[in-house]
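Below: the structure, in structure tokens.
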Amino acid sequence: INYRESFGLHASSGILFNHESPLRGIEFVTRKVTDAVARIKKGLSRELRLGNIDAKRDWGHSKDYVRAMWLMVQQDVADDYVVATGRTTTVRDMCRIAFEHVGLNIEDHLVIDPDLFRP
């Protein structure tokens, strides 16, 4: 029995997949990519160094996830929810889209660094 049932609380629990926003820290791959692409486009940098670009993630937008959380607490019966887009995208595809968006060729700037692969 979980805490909610033990104490009769109206409390929902959300399992949220990756959700991005302009506030996301630079240590996350989405911001590493967008920051590097912007710097390359401005001539401030020449390359983007990443590890495994074939990694797949389910990325959504934080505004959508906040709406989902609001909907969770509006329900008459509390429950557990998984919040995700249901679609995975590779880091490679995200990089390709970012470079194409600013008119740059991904092959000219993306460097795969084996030292950046996760164990």
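This note's numbering puts the first residue of the sequence shown at 13, with every later residue one more than the last. From the three backbone atoms N, C-alpha and C, an ideal C-beta is built for every residue, glycine too. Remember, predicted model here, so these are calculated numbers, not experimental data.
Under the assumption that residue i contacts residue j (Cβ atoms under 8 Å), give the Cβ distance between them as a whole number of angstroms.
i: A110; j: S24; result: With 8 Å as the limit, A110 and S24 do not qualify as a contact, their Cβ atoms being about 35 Å apart.
i: L62; j: I124; result: 7 Å
i: S74; j: E32; result: 6 Å
Residue i bridges to which residues according to DSSP?
i: Y93; result: G26
i: R16; result: According to DSSP, R16 bridges with nothing at all.
i: R12; result: Within the shown structure, residues of the chain are numbered from 13 to 131, placing residue 12 beyond reach of any answer.
i: E32; result: H73
i: T102; result: K68
Applying the 10 Å Cβ sphere with the 16-neighbour rule, what's the burial state of residue i?
i: A50; result: exposed
i: I65; result: buried
i: G72; result: buried
i: I27; result: exposed
i: V114; result: exposed
i: Y15; result: exposed
i: V94; result: exposed
i: I52; result: buried
i: L35; result: exposed
i: V85; result: exposed
Reducing DSSP to helix, strand and coil, say where residue i ends up.
i: T46; result: helix
i: K68; result: strand
i: I38; result: coil
i: V78; result: helix
Answer yes or no: does any C-beta atom of chain B fall closer than 9 Å to that of residue i?
i: D70; result: Absent from the structure is chain B; it holds one protein chain and no more.
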